[in-house]
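Visitor:
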Amino acid sequence: MPSILLSQKVKIPEQYQRYIYPFSKPILRTSPSFSRIEQVTTIPGCRVCSIVNIAEKETEIRHYYKSKSITLQVTLQGRISTGTSTLDKGGYNLIRINAGHHKLLLAPGVNEFMQFDISPALFQELLPDSSFIRKRNDHPAGVSNSKLMKLIAQIRQTPVTDGIQQLKLYIQITELITTAIIPLQSTPKNMTMNNPHHELITNIQTYIHDNLHKPISLSQLAGIYFISESKLKQDFKKYLNSSVQTYLQEQRMQKALKMLQHSDNDITMIATEVGYTNVSSFNREFRKHYACSPKEVRIRS
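Counting with the UniProt record's numbering, you get residues 1 to 301 for the letters of the sequence shown.
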């Protein structure tokens, strides 16, 4: 199938405006027989694309990925084939994308889909018990439900104008990822790989989640679980793609965010619940993590 040379336009003609959403700046690429509208935004660990392809005939397009990722594709209109799977309207799947060139085959007409390129680190953080990373096969396709479609609509209607909106977008995207993927799981949620090191890391994760209000250090964890600090760091990197300190900080901030949104506890109490004895230090770290203050989240929740 011959290659198509596409010209790029920043100004979107009137006939394409109905495919544009507020969440990011659109780019239009066109040829005499093919048009493609892209809108892209990112959160830590995930690149989100809203893509509309309008083809007069069956069209093959090629993408280049700089690094491997786990990709969630949700088809909203038309039919899309990756060569190994085909998705009709309302279908979605979870596939591995290796670095390099990849083909996408589009049926004639309007093909609209959302694509979420998820880093292994974010995937492991959101779904630590998932078997997907350890298995070679992709998950079977799923069917979009009303919650999934509502989240997609919310994401595309959320322009990032400040830290609060960025945080809102992060929550929506991560909720969508877990909403889509959990029904595809072929193993029970709490099943762990038959590997003592992986089971140990899972136990340490549980300890961290249950003790975020306490001081926790690498040496303390190593002592509790009778493992050397170097081995603990190595296994954390292997199974969670994160350092102990980074993982701990992420869990503290996530818990703080949930408490700010869903409890009446004051900010000082929340800081204590996530391991901070100094509320100023907590405020500083929260702003560094979410680009807004705890007070701003509380006011808008």
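Ideal placement from N, C-alpha and C gives every residue a C-beta, glycine not left out. Small disclaimer: the values here were computed from a predicted structure and weren't measured.
Going along the chain, which residues of its own chain have a beta-carbon closer than 7 Å to the beta-carbon of A107, five neighbours each way excluded?
Guide: By one-based count along the sequence shown, residue 107 stands at place 107. Excluding sequence neighbours, A107 sits near E58, G78, R79.
Visitor: With DSSP as the reference, label G91 as helix, strand or coil.
Guide: For this step, residue 91 is matched to residue 91 along the sequence shown. Strand at G91.
Visitor: Does the stretch 63–76 touch the stretch 25–41, meaning 3 or more C-beta pairs lie closer than 8 Å?
Guide: No, the stretch 25–41 is not in contact with the stretch 63–76.
Visitor: What are the start and end residues of the beta strand (DSSP E) that includes I37?
Guide: Indexing the sequence shown from 1 puts residue 37 at position 37. Element bounds for I37: 34–43.
Visitor: Return the residue from the list I51, H262, Q39, G45 that minimises the CA-CA distance to T174.
Guide: As a first step, residue 174 must be located in the sequence shown, where it is residue number 174. The shortest Cα separation from T174 among I51, H262, Q39, G45 belongs to G45.
Visitor: For the alpha helix (DSSP H) holding D235, just list the boundary residues, first then last.
Guide: On the sequence shown, position 235 is the one that residue 235 refers to. It spans 229–240 - the alpha helix (DSSP H) in which D235 sits, taken as one unbroken run.
Visitor: May I ask you to list the residues that DSSP assigns as paired with V279?
Guide: Walking along the sequence shown from the start, residue 279 turns up at place 279. DSSP lists no partner for V279.
Visitor: Return yes when the Cβ of F116 is within less than 8 Å of the Cβ of V48, no when it is not.
Guide: Within the sequence shown, residue 48 is the residue found at index 48, counting from 1. Within the sequence shown, residue 116 is the residue found at index 116, counting from 1. Contact: yes.
Visitor: Just curious, the beta strand (DSSP E) that H262 is in, first and last residue?
Guide: Residue mapping note: residue 262 aligns to position 262 of the sequence shown, counting from 1. Looking at the DSSP string, H262 is not in any beta strand (DSSP E); the run it does join, the alpha helix (DSSP H), is 244–262.
Visitor: Going straight from the alpha carbon of Q254 to that of N211, what length do you get?
Guide: Indexing the sequence shown from 1 puts residue 254 at position 254. Indexing the sequence shown from 1 puts residue 211 at position 211. For Q254 and N211, the distance between alpha carbons rounds to 14 Å.
Visitor: Does the separation of the CB atoms of G142 and N93 fall below 8 Å?
Guide: The sequence position of residue 142 within the sequence shown is 142, counting from 1. The sequence position of residue 93 within the sequence shown is 93, counting from 1. Yes.
Visitor: Under 8 Å between C-beta atoms, does K237 make it to chain B?
Guide: In summary, chain B is missing from the structure at hand, where a single protein chain is found.
Visitor: Going along the chain, which residues of its own chain have a beta-carbon closer than 8 Å to the beta-carbon of residue 310, five neighbours each way excluded?
Guide: It is not possible to answer for residue 310, since the shown part of the chain is limited to 1 through 301.
Visitor: Taking Cβ to Cβ, would you say A256 is nearer than 8 Å to P215?
Guide: Translated into positions along the sequence shown, residue 256 becomes position 256. Translated into positions along the sequence shown, residue 215 becomes position 215. Cβ distance not < 8 Å, so A256 and P215 don't count as in contact.
Visitor: Any contact of the stretch 237–251 with the stretch 118–130, i.e. 3+ C-beta pairs under 8 Å?
Guide: Yes, they touch.
Visitor: Alpha carbon to alpha carbon, how far is Q234 from I208? Give it in angstroms, no decimals.
Guide: Within the sequence shown, residue 208 is the residue found at index 208, counting from 1. Within the sequence shown, residue 234 is the residue found at index 234, counting from 1. Their backbone Cα atoms lie some 17 Å apart in a straight line.
Visitor: Taking the continuous alpha helix (DSSP H) assigned at A180, which residues delimit it?
Guide: The count along the sequence shown starts at 1 and reaches residue 180 at position 180. Per DSSP, A180 belongs to the alpha helix (DSSP H) from 163–181.
Visitor: Considering S219, what are the terminal residues of the alpha helix (DSSP H) in which it resides?
Guide: Within the sequence shown, numbered from 1, the residue matching residue 219 stands at position 219. It spans 218–224 - the alpha helix (DSSP H) in which S219 sits, taken as one unbroken run.
Visitor: Kindly indicate which residue of Q154, E199, N53, S146 has the alpha-carbon position closest to the one of L104.
Guide: Within the sequence shown, numbered from 1, the residue matching residue 104 stands at position 104. It is N53 whose Cα lies nearest to the Cα of L104.
Visitor: With 16 other CB atoms within 10 Å as the buried threshold, where does S263 fall?
Guide: Counting from one through the sequence shown, the residue named residue 263 turns up at place 263. Label assigned to S263: exposed.
Visitor: Counting C-beta neighbours from all protein chains within 10 Å, is the total for A99 16 or more, i.e. buried, or is it exposed?
Guide: Within the sequence shown, residue 99 is the residue found at index 99, counting from 1. Looking at its Cβ environment, which holds fewer than 16 other Cβ atoms inside 10 Å, A99 is exposed.
Visitor: Could you name the residues of the same chain whose beta carbon sits closer than 6 Å to that of G109, not counting the 5 residues immediately before and after it, in chain order?
Guide: The count along the sequence shown starts at 1 and reaches residue 109 at position 109. Once the five neighbours on either side are set aside, the close Cβ partners of G109 are G78.
Visitor: Considering only residues of the same chain and omitting the five flanking positions on each side of R287, which have a CB-CB separation below 6 Å?
Guide: Position 287 of the sequence shown, counted from the first residue, corresponds to residue 287. Closer than 6 Å at Cβ, skipping near neighbours: S293.
Visitor: Considering only the beta carbon of each residue, do I155 and Q166 sit closer than 8 Å?
Guide: In the sequence shown, residue 155 corresponds to position 155, counting from 1. In the sequence shown, residue 166 corresponds to position 166, counting from 1. For I155 and Q166, no; Cβs fall outside 8 Å.
Visitor: Comparing alpha-carbon positions, which option in S33, S31, P32, I37 lies nearest K11?
Guide: Stepping through the sequence shown from its first residue, residue 11 is reached at position 11. Checking every option, the nearest Cα to that of K11 belongs to I37.
Visitor: As an exercise, report each continuous alpha helix (DSSP H) stretch of at least 4 residues that is fully enclosed by the stretch 58–90, in chain order.
Guide: Segments of the alpha helix (DSSP H) lying fully in the stretch 58–90: there are none.
Visitor: Quick one: Cα of P22 to Cα of T158, how far?
Guide: Here residue 22 corresponds to residue number 22 of the sequence shown, with the count starting at 1. Here residue 158 corresponds to residue number 158 of the sequence shown, with the count starting at 1. For P22 and T158, the distance between alpha carbons rounds to 6 Å.
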